[in-house]
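To start, the structure under review is shown below, and the notes come after it.
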Amino acid sequence: MTTTETRRVATSAGDYFDAHVALPESRKGPGILLFHEALGSTDYLRSVAERLAGLGYVVVAPDVFWRIERNVELAHDEAGMMRAGELLGSFDPEGTTLDMSGALRFLRDQPEVSGSVGIVGHCFGGLMTYLVACAADPDCAVSYYGVGIDQGLDRAPQLACPTLFHFGTDDAFVPLDTVTKLRDALGAKPNVEFETYDGAGHAFDNPHAPWHDPDAAGRAWDRTTSFLAEHLQG
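Each residue of the sequence shown is one higher than the last, beginning at 10 in the numbering used here.
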């Protein structure tokens, strides 16, 4: 049985932000840093954390928006989407990447973490997965439909770890043109993989989203878990 709790991550400036932690039954395992969507730390995020913990990972899901508003948790409705857009417009990519690189160090330092650590993120979290993977030293990364990922194409040469990207072909927030630009920026890196899902829209993995696609979600989950097992448990 997995267990969950909240821990505080200290910053270099003496401040802190919260993180949701999900522990496997063994209370030991490789670590995963899990980044939330633009809607914040929702039931969906917690369910993903517990699913990963159920596979034997120690999961730390930090409060990425803490500098703007602590512990954001928005509904998948019009008001929630509007507020999410405001948060995306306010966040500082450089400062947030530094904060979340610190969260990766925090993950490595947890007594329950043994061995390798990876990053997983969805939507805004998919962008943060890419930015932190470029800036820090995870052992692997999995990015789902990263909103605004084209903002960081200049960082592509810095991406060194094995990375898996998931995109839907009908994503109105991350069009295929963005995916093509990302592929081109990354070039022929042998450890980078792209998976695309025909007809899938944005947030296809989230059962609370209007664009949820169970088939795409299932296939992406299978690919994600095998990728994580290869690079974190192998």
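The beta carbon of each residue, even a glycine, is placed where N, CA and C say it ideally should be.
All figures in this text were calculated on a predicted structure; none of them were measured in a lab.
Worksheet item: How about residue 33 and residue 64: do their beta carbons lie closer than 9 Å?
Response: yes
Worksheet item: So residue 61 and residue 41 are in contact, right, with Cβ under 8 Å, and what is the actual spacing, rounded?
Response: Confirmed, about 6 Å.
Item to complete: Since I believe residue 212 is in contact with residue 218 (beta carbons under 8 Å), could you give me their beta-carbon distance rounded to a whole number of angstroms?
Response: Taking 8 Å as the upper bound for CB-CB distance, residue 218 and residue 212 are in contact here, some 4 Å apart.
Worksheet item: Just reading off the alpha helix (DSSP H) that residue 143 is part of, what are its end residues?
Response: 133-144
Worksheet entry | Proximity winner among 157, 229, 123, 197, relative to residue 174 (alpha-carbon distances) | Closest by C-alpha distance to residue 174, out of 157, 229, 123, 197, is 229.
Worksheet entry | Of the listed residues 29, 106, 178, nearest to residue 20 (C-alpha basis) | 106
Worksheet item: With a CB to CB cut of under 7 Å and the five nearest residues on each side skipped, what residues in its chain are close to residue 192?
Response: 203
Worksheet item: In whole angstroms, what separates the C-alpha of residue 206 from that of residue 157?
Response: 19 Å
Worksheet item: In whole angstroms, what separates the C-alpha of residue 171 from that of residue 150?
Response: The straight-line gap from Cα to Cα measures roughly 6 Å.
Worksheet item: Does DSSP classify residue 46 as helix, strand or coil?
Response: DSSP places residue 46 in strand when its eight states are reduced to three.
Discussion item. Please report the distance separating the alpha-carbon of residue 161 from that of residue 100.
Written reply: Taking the straight line joining both Cα atoms gives about 14 Å.
Discussion item. I need the boundaries of the beta strand (DSSP E) containing residue 108, first residue and last residue.
Written reply: No beta strand (DSSP E) contains residue 108, which is instead part of the alpha helix (DSSP H) from 102-118.
Item to complete: Just the C-alpha distance for residue 28 and residue 120, rounded to the nearest angstrom, thanks.
Response: 15 Å
Discussion item. Suppose you measure from the CA of residue 30 to the CA of residue 18; what does that come to, to the nearest Å?
Written reply: 11 Å
Practice prompt. Could you check the C-alpha separation between residue 186 and residue 195 for me, to the nearest Å?
Written response: 14 Å
Worksheet entry | Nonlocal neighbours in the same chain, by C-beta distance under 8 Å from residue 159, ignoring five residues either side | 187, 190, 191
Worksheet entry | Test item: CB-CB of residue 48 and residue 103 under 9 Å | No. Outside cutoff.
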